[in-house]
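To keep things clear, I will list the structure first and then write my remarks on it.
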């Protein structure tokens, strides 16, 4: 039985980790960390967990935690994980960080986009970017996982095979992404109130969103050249789900079937990536509650562009589900253990 | 491995059965019945099932089906199951009927409220009302289960212990229920269009809703006298969930703790019934996707009434989940097999 | 041109006042009060007002305001209006208070349910309860209007004619009310976040909600006896709208047409009250954005109860619209001036 | 008093026309056409209109109608207006067609994208494209108005000044648009059911949507060259609103202020176009129920692209509101008569 601790267990991503790990037969959660709700019963914070989780919230003491568990998930604001981690802790326990602290290899880029100083730059090199379908082998031996962002997971996986195979002109790549509101977290802010989000649609963080450099870095590795893109996130009146619509010029004349073959080359054996049939496009509802990434695409001969679309549940494949997938890889468990979550419809 | 067939697998309740049974380790679905989508791939009707279910929809042939499976679920409009069932079929296979055909013991009452003739009145007596927490022992030996309605499951379980113990004056019982829109089914009708339901709230079927006699009959058994109630259903702009708010005069002076003790007498060992703590009231979101019934209550000394509130997911405990619970009981499996569904939040 | 000032113009009710008064041809808003946004442009708080309102928010200075305007609307938390008003102010200006400060004649009842000391009990007697359809004549000469609550407006008007005519047994009256989320205000609180409200339904303030004594007092006046009721508010995932479902025993044998005649006796000439046709029940969407109250009812001969249903837009007839209706009456304008708001669908 | 007839008055756009014209002081609706609801009271189809509209629905007889009214609005499926119009009718009455029949000058393009034969190609040349801010003078003298599509109105106006001034490279223009569900009409189809749309987001009509050639034609006129774009519509779980996010390479080095000046050159005096302040982006909620177009933009120096965003209410500026604006122009009324609709929030 793997013993797990969660720092930040009362945010939406933390709550989803609890939901998934509760159903994982090889894991026991030993530490429900939450600075906001110390000493409060977890099931009083998330009443869906009444009579399921019988624990109280604890402080975020990573030192103490490292002695008690095998893996620590940090589902916390940017900067916290980097400020807590050290060599001694990493020698005792695996860390899967759901924040952005170790996702970007260039510390200057991190500090510029996030506007904070990095407290543990010495571990950036070691950290493995936990996009399982891309970095599976590296993840298996990792001590420190940088669990990818929600927008990034969706955006990268949707374009990855085509970037890797040079099928799209990376200079023309534009990602227009739409996210459910749980991506904004559980903080009490006016713009996230029901009445402000409901019956409303808007873009935000235009040309400045922090997931941009993360996407650029990973697609840069894939394509073998520096990538600079436009990425525009939008807020959608729904709880869960990300849909990324991506546009790029094709570098050569290809048919739908040829592009499909390229996707299949990378994803045919990937359980959690479903490349849809011709003229079928992903809908966020079809992956809700599950760890799937659904991908569809259309070639437009009029403009010689390809429109790629990807959908995930931002809290599962975009956060907690992928974190558990990483944990499974690290501990040698079947990769989909605890993640056989059938999408819920309607 | 139990072989199951579903007649009506492409409605919302049928789809939920597929979702739950797909995750049930002792069941294999052998027949995806759907008159509307014969020969169409099931995953083309419900794309959440892409690469999970690899079957095509078949016609609703109960005779043929009875030779191939151990249990048939009928998730069909009223009247269909009664028109298909016969002694030979029942001798071969268990039937769990999610429609109302066998829920009401008095065939005249059925015919009056449903406005159709009953085609198999000879099986009404034998059929067991599949409210597991109430009729567990009878269910175990049953051939034909009348799976309770969604409103009724919620309404009955919320009041049952108090009715049984004579704590409430049944003549004063009023049930004001609110349901998500999946309860209206997947039929293409203008009143169920997104723009008609969204940002809207209404009552319907006032004093005439078909679940009324079902609630009255069951609470009549519980209280030992004839029960006539007001039941008012409402349509709520959400996909899933039923909340029942129930009002009744108390027959004696009791404290919250004493009422709680009465609930505990019946439900303390029931996994799927969660009686909430004092001053906590159920929310449909806390049971979403799960088989739980959450119950809370408040005594109002000003009016000597008790306000009881219950919440379920209408597609799970109100339909498919309870059907699987019944199946588990019939086949001697652990009652919660395949139903360890942790409520999803948010 | 009537000069108006709004204290609390940046809450949802205040914002709705601005929306309505902006379209009122005889009113000019001279003071956009908002303690939270002093010196900020109003249109930066509510961007729907960009290029429509060109004013900055001011502090809540009622003394100063009284010298500059003809009418002050206070759309503020409980207690504020009572703490600001005095004889000098009332001698200069009309006050329409959207809070509960002057709604309840018995100051002890107010203080018990609201948990605060009343700072101006000397004006309670003078204040007129601004339910226009009931107190029209008194309103015309008033200096201080207690603008009714949203739940109360809907609850009272739905039952008023029947209470007045003794057609229902007031001891059996139960009001089960459902409200959109704007009723909870614009405060940044976790329970009002989009992800907590969306896809969720719950009761709250069970047997303790502050609108209860207000309903009881007014229906007491109507029926001529002390009234004690059960009132249960529920939160619905929609922005606007209240639906009240009310249950009571009938005191005599009546037909639908006879009850309709009783409603017509009081409402036939009321522009803003629409008593619906037989077997038609109100939906909140049909009154959205308008000042209408829609009322429907059903007699249940099985239980001898009548089920009355009323729907309003909580921000219009339940707050700002009714406040403007009161203003029109006070200043001798046509009662519906500025309130010819056609309900918006969908 | 202008007498108006509406063919297709019971669709969502038709219903919105009724709502707006009901509040228009110089117009009287004489004919509520609806093939689906002939002889049914209009207020029974749209109960928001109870006691406001007291008329029954009539058949779609354009000949007869032309003798009785001054203006006919056709809010009907593609092809109907073209099949009904003739010279005699046009000699008697103004026609404002909300369908696509006369929007595209090249009949072959129309027939290819819409897949139907054009029945009145002889009137295409005469028809004026009713985008008021662009074609105001031509509209004034028109007999036949092709009222622009909802996506097109938003997409074109957002990019128009920059296309006109050569500030953007038209070959790089990509429009990613998001629409509320009322755009899909009131037809009873499974994909438009509440449970299918709610909590869901998807693209549709990718690279094939019929509004594409309309946008291309109009932006072609503006830029003086043939324009071929990618246009991707998405369905959003909300009733109303379109948000268009548009991407293009800048043709020269410009500042935000310089681009703003270009927008101001065209829109500074346009009442219904609001160009937002720096770093403010449009939200559909801020224009809900109104005839406004809100536009914001951001220059991304990293990619040398500009991201333009526009928002409208698809039923108002995207359909009925613009139709009334056209009518006002034709009949010499103030352009905003009946359109002083303050956006409703929340």
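Protein chains in written order, with the numbering used here: chain A, 1 to 346; chain B, 1001 to 1346; chain C, 2001 to 2346; chain D, 3001 to 3346.
All C-beta atoms in this analysis are idealised placements derived from N, C-alpha and C, irrespective of residue type, glycine included.
At 9 Å on the CB atoms, spell out the chain A contacts of residue i, in chain order.
i: residue 1342 of chain B; result: 18, 19, 20, 22, 23, 48, 49 and 52
Is residue i helix, strand or coil when you go by DSSP?
i: residue 1295 of chain B; result: strand
i: residue 61 of chain A; result: coil
i: residue 2021 of chain C; result: helix
i: residue 2124 of chain C; result: coil
i: residue 309 of chain A; result: strand
i: residue 1252 of chain B; result: coil
i: residue 3181 of chain D; result: helix
i: residue 2105 of chain C; result: coil
i: residue 204 of chain A; result: coil
i: residue 90 of chain A; result: helix
Suppose the cutoff is 8 Å on Cβ atoms and the five residues either side in sequence are ignored; what does the same chain contact list for residue i look like?
i: residue 1086 of chain B; result: 1120
i: residue 2001 of chain C; result: 2026, 2027 and 2028
i: residue 1069 of chain B; result: 1003, 1004, 1005, 1030, 1031 and 1093
i: residue 168 of chain A; result: 159, 162, 248, 249, 250, 251 and 306
Whose Cβ in chain C lies nearer than 9 Å to the Cβ of residue i?
i: residue 239 of chain A; result: 2194, 2195, 2198 and 2199
i: residue 1281 of chain B; result: 2202, 2203, 2204 and 2206
Going straight from the alpha carbon of residue i to that of residue j, what length do you get?
i: residue 2090 of chain C; j: residue 2007 of chain C; result: 15 Å
i: residue 3096 of chain D; j: residue 3317 of chain D; result: 14 Å
i: residue 1083 of chain B; j: residue 242 of chain A; result: 45 Å
i: residue 12 of chain A; j: residue 40 of chain A; result: 17 Å
i: residue 2044 of chain C; j: residue 2176 of chain C; result: 38 Å
i: residue 2306 of chain C; j: residue 339 of chain A; result: 51 Å
i: residue 2066 of chain C; j: residue 2143 of chain C; result: 13 Å
i: residue 3330 of chain D; j: residue 3022 of chain D; result: 19 Å
i: residue 3314 of chain D; j: residue 223 of chain A; result: 40 Å
i: residue 2332 of chain C; j: residue 187 of chain A; result: 48 Å
i: residue 2272 of chain C; j: residue 2322 of chain C; result: 10 Å
i: residue 2015 of chain C; j: residue 235 of chain A; result: 23 Å
i: residue 3302 of chain D; j: residue 207 of chain A; result: 9 Å
i: residue 115 of chain A; j: residue 78 of chain A; result: 10 Å
Leaving out the 5 sequence neighbours to the left and right, which residues in its chain are closer than 7 Å to residue i when beta-carbon positions are compared?
i: residue 343 of chain A; result: 286, 287, 288, 289, 290 and 292
i: residue 2196 of chain C; result: 2190
i: residue 2050 of chain C; result: 2043
List the residues of chain B that residue i touches, going by C-beta distances under 9 Å, in chain order.
i: residue 3012 of chain D; result: 1195
Since I believe residue j is in contact with residue i (beta carbons under 8 Å), could you give me their beta-carbon distance rounded to a whole number of angstroms?
i: residue 73 of chain A; j: residue 102 of chain A; result: That pair is no contact at about 13 Å.
i: residue 2304 of chain C; j: residue 2249 of chain C; result: 6 Å
i: residue 182 of chain A; j: residue 147 of chain A; result: The pair is not a contact, with the Cβ atoms about 16 Å apart (cut-off 8 Å).
i: residue 3230 of chain D; j: residue 3312 of chain D; result: Between residue 3312 of chain D and residue 3230 of chain D the Cβ distance is about 20 Å, and since that is not below 8 Å, they are no contact.
i: residue 1194 of chain B; j: residue 3151 of chain D; result: Actually they are not in contact, since the Cβ atoms of residue 1194 of chain B and residue 3151 of chain D sit about 18 Å apart, beyond 8 Å.
i: residue 1336 of chain B; j: residue 1246 of chain B; result: About 26 Å separates the two Cβ atoms, so there is no contact after all.
i: residue 57 of chain A; j: residue 10 of chain A; result: 7 Å
Name the chain A residues that come within less than 7 Å of residue i, Cβ to Cβ?
i: residue 3157 of chain D; result: Going along chain A, no residue has its Cβ under 7 Å from residue 3157 of chain D, so there is no contact; the nearest lies around 17 Å.
At a CB-CB cut-off below 7 Å, which residues of chain B make contact with residue i?
i: residue 3181 of chain D; result: 1194 and 1195
i: residue 3189 of chain D; result: 1188
Identify, in the order they occur along the chain, each residue of the same chain with its Cβ nearer than 6 Å to the Cβ of residue i, setting aside the five sequence neighbours on each side.
i: residue 1113 of chain B; result: 1210 and 1213
i: residue 2964 of chain D; result: Chain D is shown from 3001 up to 3346; residue 2964 of chain D falls before or after that span and cannot be answered.
At a CB-CB cut-off below 7 Å, which residues of chain C make contact with residue i?
i: residue 75 of chain A; result: Those within 7 Å of residue 75 of chain A in chain C number zero; the least Cβ separation is about 16 Å.
Which bits of chain C does residue i rub up against, with CB to CB less than 8 Å?
i: residue 1347 of chain B; result: As displayed, chain B neither begins before 1001 nor continues past 1346, which places residue 1347 of chain B out of reach and without an answer.
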